[in-house]
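Residue numbers (UniProt numbering): 1 to 220.
This is the structure in structure tokens:
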């Protein structure tokens, strides 16, 4: 398989969403925020903003082995400064939450699963933010998403994206923070990440275990 990495562009968004929904169809976030037309509109708007945000890098892995250039994986990196990560996000304020939806802004009102209460999702996202702030209090990069099309898993696309992304972020001399599944820990350790903590989220629909990992920048 011939792979290359490039920056995502706006026309990639439909492909990015399809890969994400399939790769994480059983993830707790997707169970809380299901794949609905309204949520797709919100995610499209967020990705449109993220792709042009200078503090974010969204990279895609392309398989060109068959002549066509197909996106098979992608990763999203977000740069945080110490002050930013310490401030509780506005959307975690209870006033934005009602049963059935949460409004991050007037244009982005996400639909919640009917199987969970809004307070359960709010508690989950608040704990996720607090864990991030507690374990990465300095300027850092956050590997928010790395998703591979299930039809192309175990072919090295995720590792390739990770390797290429770390080369770029190392140039800024910042550490990298991520929350990974226990199964992904060996992969991240190969790239220099170390376990710092673990956290378990328990909800009526799923129990989720996450490993908090940090990586110091590699100096050339």
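The beta-carbon is built from N, C-alpha and C at its ideal position, and this holds for glycine as well. Please read all numbers here as calculations on a predicted model, not as lab measurements.
Assign residue i to buried or exposed, taking buried as 16 or more other Cβ atoms, counted over all protein chains shown, within 10 Å of its Cβ.
i, result
"residue 136", "buried"
"residue 82", "exposed"
"residue 57", "buried"
"residue 9", "exposed"
"residue 12", "buried"
"residue 209", "exposed"
"residue 71", "buried"
"residue 205", "exposed"
"residue 53", "exposed"
"residue 7", "exposed"
Contact check, residue i vs residue j under 8 Å by CB: the rounded distance?
i, j, result
"residue 214", "residue 176", "7 Å"
"residue 147", "residue 61", "No, residue 147 and residue 61 are not in contact; Cβ-Cβ is about 10 Å, not under 8 Å."
"residue 124", "residue 203", "7 Å"
"residue 97", "residue 130", "Wrong, their Cβ atoms sit about 17 Å apart, outside the cutoff."
"residue 140", "residue 161", "Their Cβ separation, rounded to whole angstroms, is 19 Å, which puts residue 140 and residue 161 out of contact at 8 Å."
"residue 149", "residue 51", "With 8 Å as the limit, residue 149 and residue 51 do not qualify as a contact, their Cβ atoms being about 19 Å apart."
"residue 75", "residue 143", "7 Å"
"residue 152", "residue 63", "7 Å"
Judging by CA-CA distance, which residue of the options is the nearest neighbour of residue i?
i, options, result
"residue 66", "185, 108, 54 and 3", "3"
"residue 165", "155, 70, 218 and 90", "218"
"residue 212", "161, 20 and 127", "127"
"residue 228", "38, 207 and 201", "Past the edges of the chain, shown from 1 to 220, lies residue 228, and the structure says nothing about it."
"residue 69", "5, 80 and 54", "5"
"residue 169", "59, 32 and 23", "59"
"residue 120", "7, 32, 15 and 210", "32"
"residue 171", "7, 216 and 16", "216"
"residue 79", "55, 88, 73 and 101", "55"
"residue 200", "180, 188 and 187", "180"
How do the stretch 21–29 and the stretch 87–96 stand: do at least 3 beta-carbon pairs fall below 8 Å, yes or no?
The stretch 21–29 is not in contact with the stretch 87–96.
I'd like the ranges of any alpha helix (DSSP H) spanning at least 4 consecutive residues and lying wholly in the stretch 42–91.
82–86
Quick one: complete alpha helix (DSSP H) runs, 4+ long, within the stretch 148–178?
157–170
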